[in-house]
């Protein structure tokens, strides 16, 4: 994949009235766009992912995959706030931003690239929130929309989890410093992992192999995953992006969720995961009920919310059935 940096000449005005200036977006592309733009696949990434979907969605995006550069022009944009090249916080003076602000920045990039047609817009989790908002606001044509493990608005459950994670970040005395907050980030990641997986998954993969009373396998796993995120992500980005997640509401100031969804005419597949405890399938079914042209597919997984990443074979099978 090819990485690009777009530096906008104009600042990005946010919903709050604040500005991000200078404003830049990092994004990846792969493949060649055809003359009528009928092969554009726009992938929206999840919370801590980068803009290279072949890295975090193997089996779905890549050579010989259902989304592949031989057939498609693949684009994925690093969201504002994330530490992979787009405008992001270096301290707490960075303005807070919403999901709509994230999507506004991507719409500006689409305009800059003169993309007026998208064959497939797809995203999971936070990426699904972006994809839904993008579909509402995009003035061009989207042939197919695929939303995985997401909701029409952030739930009280989700907001409460995010607040617990922010409290963990703020409990670290170094949080807010450019390279600080590492212990807080590790703790916040541990909280998140408990919502991304299921008790069954932990029982199966992290149970002790013996009768030890210390050095538990499950505890080591939480430590390992926390350290892994700390090595590649920013505590400030984690804080701001969780604030952003709380703002997701497709119906805000648009007459409510039902009214907003009813205006999205794009043929849509909404995919839920049977064991998802963070964004349960009832939330995906609300989207399906509200969209004029949508159907629901449920993936079976023992891995909870993370099934949108883990169950690549099932997801690819659904996408192949769409023949986009």
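Numbering (the UniProt record's numbering), first residue to last: 1 to 324. Just so it is clear, CB atoms sit at the ideal spot from N, CA and C, and this is done for glycine as well.
Subject >> Separation of residue 5 from residue 29, as counted between CA atoms >> reply: Here residue 29 refers to the residue found at position 29 when the chain shown is read from its first residue. Here residue 5 refers to the residue found at position 5 when the chain shown is read from its first residue. In a straight line, the C-alpha of residue 29 is about 11 Å away from that of residue 5.
**OP:** State the DSSP-derived secondary structure class of residue 313, mapped to helix, strand or coil.
**Re:** Stepping through the chain shown from its first residue, residue 313 is reached at position 313. Reduced to three states, the DSSP call for residue 313 is helix.
**OP:** Using the DSSP secondary-structure output, state which residues sit across from residue 297 in a beta bridge.
**Re:** Along the chain shown, one-based indexing puts residue 297 at 297. Note: residue 297 sits in a beta bridge opposite 271.
Original post:
Between residue 146 and the rest of its own chain, which residues show a CB-CB distance below 6 Å, the 5 nearest in sequence each way excluded?
Top reply: Translated into the one-based positions of the chain shown, residue 146 becomes position 146. Only 122 and 269 meet the Cβ criterion.
Original post:
Distance, Cα to Cα, residue 174 vs residue 125?
Top reply: Locating residue 174 in the chain shown gives position 174, counting from the first residue. Locating residue 125 in the chain shown gives position 125, counting from the first residue. C-alpha separation (whole angstroms): 29 Å.
Original post:
Below 8 Å, can you find three or more Cβ-Cβ pairs linking the region 216-231 to the region 66-81?
Top reply: Proximity of the region 216-231 to the region 66-81 falls short of the contact definition, fewer than three beta-carbon pairs being nearer than 8 Å.
Subject >> Endpoints, alpha helix (DSSP H) assigned at residue 351 >> reply: Look at the range of the chain in this structure, 1 to 324, and you will see that residue 351 is not part of it.
Original post:
Count the other CB atoms within 10 Å of the CB of residue 239; is the residue buried (16 or more) or exposed (fewer)?
Top reply: The residue you call residue 239 lines up with position 239 of the chain shown. Looking at its Cβ environment, which holds 16 or more other Cβ atoms inside 10 Å, residue 239 is buried.
**OP:** Specify, as a first and last residue, the run of the alpha helix (DSSP H) that residue 159 falls within.
**Re:** One-based indexing of the chain shown puts residue 159 at position 159. Unbroken alpha helix (DSSP H) run through residue 159: 156-170.
Original post:
In whole angstroms, what separates the C-alpha of residue 53 from that of residue 79?
Top reply: Translated into positions along the chain shown, residue 53 becomes position 53. Translated into positions along the chain shown, residue 79 becomes position 79. Rounded to the nearest angstrom, the two C-alpha atoms are 13 Å apart.
Original post:
Which value, in whole angstroms, describes the spacing of the CA atoms of residue 156 and residue 13?
Top reply: As a working mapping, residue 156 is identified with position 156 in the chain shown. As a working mapping, residue 13 is identified with position 13 in the chain shown. Approximately 28 Å, taken between the alpha carbons.
Original post:
residue 101 by DSSP, collapsed to three states: which one?
Top reply: Translated into the one-based positions of the chain shown, residue 101 becomes position 101. Three-state result, residue 101: helix.
Original post:
Taking the C-alpha atoms as reference points, what is the distance between residue 20 and residue 216?
Top reply: Working through the chain shown from its first residue, we reach residue 20 at position 20. Working through the chain shown from its first residue, we reach residue 216 at position 216. Roughly 45 Å separates the two Cα atoms.
**OP:** Output the distance between the C-alpha atoms of residue 116 and residue 153, rounded to the nearest integer angstrom.
**Re:** Your numbering for residue 116 matches position 116 in the chain shown. Your numbering for residue 153 matches position 153 in the chain shown. A straight-line Cα-Cα distance of about 27 Å links residue 116 and residue 153.
**OP:** Helix, strand or coil for residue 8, going by three-state DSSP, please let me know.
**Re:** To locate residue 8, count along the chain shown from 1; it is residue 8. The answer is strand: DSSP assigns residue 8 an E or B state.
**OP:** Indicate the three-state DSSP secondary structure (helix, strand or coil) for residue 24 in the structure shown.
**Re:** Position 24 of the chain shown, counting from 1, holds the residue named residue 24. In the three-state scheme derived from DSSP, where H, G and I count as helix and E and B as strand, residue 24 is classed as strand.
Original post:
Straight-line CA distance for residue 27 to residue 290?
Top reply: The sequence position of residue 27 within the chain shown is 27, counting from 1. The sequence position of residue 290 within the chain shown is 290, counting from 1. Between residue 27 and residue 290, the C-alpha separation is close to 31 Å.
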